[in-house]
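The block underneath contains the structure these notes are about, expressed in structure tokens.
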Amino acid sequence: MNSEYQQLLSTLHDCAAACNHCFDACLQEEDMKMMAACIRLDRECADFCSYLEQAIMRDSPFVKQLAAVCAEICDACAEECEKHDHEHCKQCATACKACADACRQFAS
Numbered sequence: 002m003n004s005e006y007q008q009l010l011s012t013l014h015d016c017a018a019a020c021n022h023c024f025d026a027c028l029q030e031e032d033m034k035m036m037a038a039c040i041r042l043d044r045e046c047a048d049f050c051s052y053l054e055q056a057i058m059r060d061s062p063f064v065k066q067l068a069a070v071c072a073e074i075c076d077a078c079a080e081e082c083e084k085h086d087h088e089h090c091k092q093c094a095t096a097c098k099a100c101a102d103a104c105r106q107f108a109s
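Now the structure itself:
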């Protein structure tokens, strides 16, 4: 596997991990109802990053298209996380932005 794939795989893995951490931490927040959109997008983003990681490893012919969709999901998750002051949300937003950029670059 070439280094372009290795870097993207690492970024996808890091983003999924950050989203899973944020998801879990949001469930511990006092006002979970306020965190509902964040929780939902954390799950969506983590799942899709993991799926794209698998698709790349099995050499799916659709990786460029999936990467473009992944970038959109990561952007949405980052945008939602930026609405919150929690450290886990800030870390997640940073990981999602990096992943969105890497996916966009890969898709082009």
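Counting from 2, one number per residue, gives the positions in the sequence shown under the numbering used here.
Yeah, the Cβ is synthetic: ideal placement off N, Cα and C, and Gly gets one too.
For I40 and P62, the gap between their C-alpha atoms comes out near 31 angstroms. M33 counts as exposed, since fewer than 16 other beta carbons sit within 10 angstroms of its beta carbon. The beta carbon of A69 is closer than 6 angstroms to those of A108 in its chain, skipping five residues each way along the sequence. A Cβ-Cβ separation of about 5 angstroms places C16 in contact with A96 under the 8 angstroms criterion. Per DSSP, F63 lies in no alpha helix (DSSP H) segment and is marked neither H nor E. If you draw a 10 Å sphere on the C-beta of L53, you find 16 or more other C-beta atoms in it, and that means buried. Considered as a whole, the stretch 68-105 harbours no complete run of any beta strand (DSSP E) with no fewer than 3 residues. A residue is called buried once 16 or more other Cβ atoms fall within 10 Å of its Cβ, and E88, having fewer, is exposed.
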